[in-house]
Amino acid sequence: MPRPKQFRTLDVPQADSLPLIRRVVEAIHVGLKTVSSISEDTGFSERHVRYRLQAARILGFLSDEISLTAQGKRLVITNRGGSQEHRTFCDAVRSCDIARLLAPGLLDEAEINSPAVAKRMERLFGLSPATAERRTRVMRSWRRQLVGATFETKDQ
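The numbering of the sequence shown is our numbering, which starts it at 18 and goes up by one.
Below you can see the structure in the form of structure tokens.
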């Protein structure tokens with residue numbers, strides 16, 4: 018099965034933590050536009066800033082120009098850990114093309130079929146088994162953070 022043309026290996030997410038992806042989105046919201054300035058502000062290594070920026074892009078929070086999309090603006094006005102933030106992240110994951118390609122029903126299935134997702138990554142993107150397994154852990158992490166998680170019922 019050939020890789021869909023619109024996707025690159027870079028589009029297979031490498032950032033596990035949705036709250037840390039949010040922190041990068043918030044840094045951009047306050048006007049930071051470079052990897053180095055975001056790194057300095059957040060304390061994340063530049064490498065991890067790049068991973069989180071790319072994850073924010075594929076989740077629809079950022080455009081390629083390092084600016085917030087409408088969905089990114091919705092995220093930053095939610096309360097951290099609140100039910101609106103939870104809904105925003107769920108909507109982003111459900112509408113994420115790469116997540117739908119690699120792990121259809123990621124948030125809706127009883128459990129993610131990790132070996133199948135990893136094999137799909139290997140086949141579509143030419144990832145090594147170890148890299149595919151690592152990136153599959155990212156998808157499982159997003160699922161764990163969103164499915165069955167307890168969020169505030171009231172946003173303040």
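Virtual Cβ for every residue (Gly too), placed ideally from N, Cα, C.
Item	Value
Can you find at least 3 beta carbon pairs, one from the region 31-38 and one from the region 155-167, that sit closer than 8 Å?	yes
Can you tell me whether ASP28 is helix, strand or coil according to DSSP?	helix
When you compare each of GLN88, LEU85, ARG39 to VAL66 by their alpha carbons, which one comes out closest?	ARG39
In whole angstroms, give me the CA-to-CA distance for ALA87 and SER112.	14 Å
What residue from ARG104, GLY143, LEU123, GLU43 has the CA that sits closest to ARG69's CA?	GLU43
Leaving out the 5 sequence neighbours to the left and right, which residues in its chain are closer than 8 Å to THR105 when beta-carbon positions are compared?	GLN88, ARG91, LEU92, THR95
Using the rule of at least 16 other Cβ atoms within 10 Å of the residue's Cβ for burial, across every protein chain shown, is GLU128 buried or exposed?	exposed
How is GLY89 classed by DSSP in three states: helix, strand or coil?	helix
Would you identify the three-state DSSP class for LEU79, choosing helix, strand or coil?	strand
Go through its chain and collect everything with a Cβ distance to SER56's Cβ below 6 Å, but skip five positions before and after it.	GLU63, VAL66
Going by the beta-carbon positions, is the gap between ALA149 and ALA135 smaller than 7 Å?	yes
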